[in-house]
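A.B. asks: Can you read through this structure? Questions will come right after.
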Amino acid sequence: MPWFRLRPTFQISLAESREAAIEKIHRLYDPQGPDTLMFIHGEYGEFHLPPESHRLWSPHLSFYVHDQDGAGVIHGRFAPRLEIWTFVWVAYLAMAFTAFFGLTLGFSQWTLGETSWGFWVGIAALLAVLVIYVVAHLGQQWSDDQMRLLRTRLEEFLARAGVDTVRPA
């Protein structure tokens, strides 16, 4: 898994049209009714893990069925649960603002010949951004087993629905 991708993505090529795939998916899903581990609306869907297997870094899998060059394609993306993803981005934004204002303050202090302690605030905030980034990647690696499980559940669901996929050669 590449080190620079916070939200790994994949594509599954379909041997049928987008509309046919969506119809088959709904034909299997609709009679089941809502499920806490799966959600489908239109061409969008999500697979979740059971609450008892949640860890802080547990992902969910969202997918979207679309057309690409006249054939159906499923575009899947793994992401942290919404509350974790929101926290990560709020922390990123807070540290980015702190870094910007700290470095701006430090530059102002330096140009005025004062003690430039603002640079330390900016540097600390940039280090915090780096730490958040590294922790996010470690969490992603720790949840690799859960990502494989979710991908397998999607592939099994597509097979049960009768959606024809194209296997790479």
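Just so we're on the same page, the working numbering is the position in the sequence shown counted from 1, plus 244. All C-beta atoms in this analysis are idealised placements derived from N, C-alpha and C, irrespective of residue type, glycine included. These numbers come from a predicted model, not from an experiment.
#1: Here's the rule: buried if 16 or more other CB atoms are within 10 angstroms of the residue's CB, otherwise exposed. What is HIS305?
#2: Is it right to say GLY357 is buried, meaning 16 or more other beta carbons lie within 10 angstroms of its own, or is it exposed?
#3: Can you tell me whether LEU337 is buried or exposed, with buried defined as 16 or more other CB within 10 angstroms of its CB?
#4: Who are the near neighbours of MET245 in its chain, counting only those whose CB is closer than 8 Å to its CB and skipping five residues on each side?
#5: With a Cβ-Cβ cutoff of 8 Å, do GLY366 and ALA343 count as a contact?
#6: Kindly indicate the opening and closing residues of the beta strand (DSSP E) around HIS270.
#7: Going by alpha carbons, who is nearest to GLY406 out of PHE254, ARG271, ILE256 and GLN255?
#8: Give the C-beta separation of THR409 and LEU402 to the nearest angstrom, bearing in mind that I take them to be a contact with Cβ-Cβ under 8 Å.
#9: To the nearest angstrom, how far is it from the Cα of THR396 to the Cα of ASP311?
#10: Expressed to the nearest angstrom, what Euclidean distance is found between the alpha-carbon atoms of THR359 and GLN353?
#11: With H, G and I counted as helix, E and B as strand and the rest as coil, what does DSSP make of GLU287?
#12: Let me confirm a value: ALA413 is counted as buried when at least 16 other C-beta atoms fall within 10 Å, else exposed. Which label applies?
#13: Under 7 Å Cβ to Cβ from THR348, same chain only, skipping five residues before and after it: list those, please.
#14: Considering ALA315, what are the terminal residues of the beta strand (DSSP E) in which it resides?
#15: Could you tell me if PRO295 is buried or exposed, where buried requires 16 or more neighbouring beta carbons within 10 angstroms of its beta carbon?
#16: On the criterion of 16 or more Cβ atoms from any shown chain inside 10 Å, does GLY289 qualify as buried, or is it exposed?
#17: For SER306, which three-state DSSP category applies?
C.D. replies: For this structure:
#1: Counting from 1 along the sequence shown, the entry for residue 305 is found at position 61. Here the sequence assigns Leu to residue 305, which means His is not the residue at that position. Counting Cβ neighbours within 10 Å, LEU305 comes out buried, since at least 16 surround it.
#2: Here the question's residue 357 lines up with position 113 in the sequence shown. Exposed, because fewer than 16 other Cβ atoms sit within 10 Å of the Cβ of GLY357.
#3: For the purposes of this step, residue 337 is identified with residue 93 of the sequence shown, where counting begins at 1. Burial call: exposed.
#4: Against the sequence shown, residue 245 aligns to sequence position 1. Residue placement at MET245 is poorly supported in this model, since its pLDDT is 49, which falls under 50; the coordinates are not used for a value here.
#5: Position 122 of the sequence shown, counted from the start, is the residue given in the question as residue 366. Position 99 of the sequence shown, counted from the start, is the residue given in the question as residue 343. Taking 8 Å as the Cβ cut-off, GLY366 and ALA343 qualify as a contacting pair.
#6: Locating residue 270 in the sequence shown gives position 26, counting from the first residue. Taken as a continuous stretch (DSSP letters only), HIS270 belongs to no beta strand (DSSP E), being part of the alpha helix (DSSP H) at 262-273.
#7: One-based indexing of the sequence shown puts residue 406 at position 162. Taking only the C-alpha atoms, the option nearest GLY406 is ARG271.
#8: Taking the sequence shown and counting its residues from 1, the one referred to as residue 409 is at position 165. Taking the sequence shown and counting its residues from 1, the one referred to as residue 402 is at position 158. Going by Cβ atoms, the distance from THR409 to LEU402 rounds to 6 Å, so yes, they are a contact pair.
#9: For the purposes of this step, residue 396 is taken as residue 152 along the sequence shown, with counting starting at 1. For the purposes of this step, residue 311 is taken as residue 67 along the sequence shown, with counting starting at 1. Approximately 22 Å between the Cα atoms of the pair.
#10: The residue you call residue 359 lines up with position 115 of the sequence shown. The residue you call residue 353 lines up with position 109 of the sequence shown. Those two C-alpha atoms are separated by around 6 Å.
#11: Position 43 of the sequence shown, counting from 1, holds the residue named residue 287. Coil at GLU287, not helix or strand.
#12: On the sequence shown, position 169 is the one that residue 413 refers to. Unreliable placement is indicated for ALA413, whose pLDDT of 44 sits below 50; no coordinate value is reported for it.
#13: For this step, residue 348 is matched to residue 104 along the sequence shown. Only residues of its own chain outside the window of five on either side were considered, and among them none has a CB closer than 7 Å to the CB of THR348.
#14: As a first step, residue 315 must be located in the sequence shown, where it is residue number 71. ALA315 -> beta strand (DSSP E) spans 315-324.
#15: Stepping through the sequence shown from its first residue, residue 295 is reached at position 51. Exposed is the call here.
#16: As a working mapping, residue 289 is identified with position 45 in the sequence shown. That one is buried.
#17: As a working note, residue 306 is residue 62 in the sequence shown. If DSSP states are grouped into helix, strand and coil, SER306 belongs with the strands.
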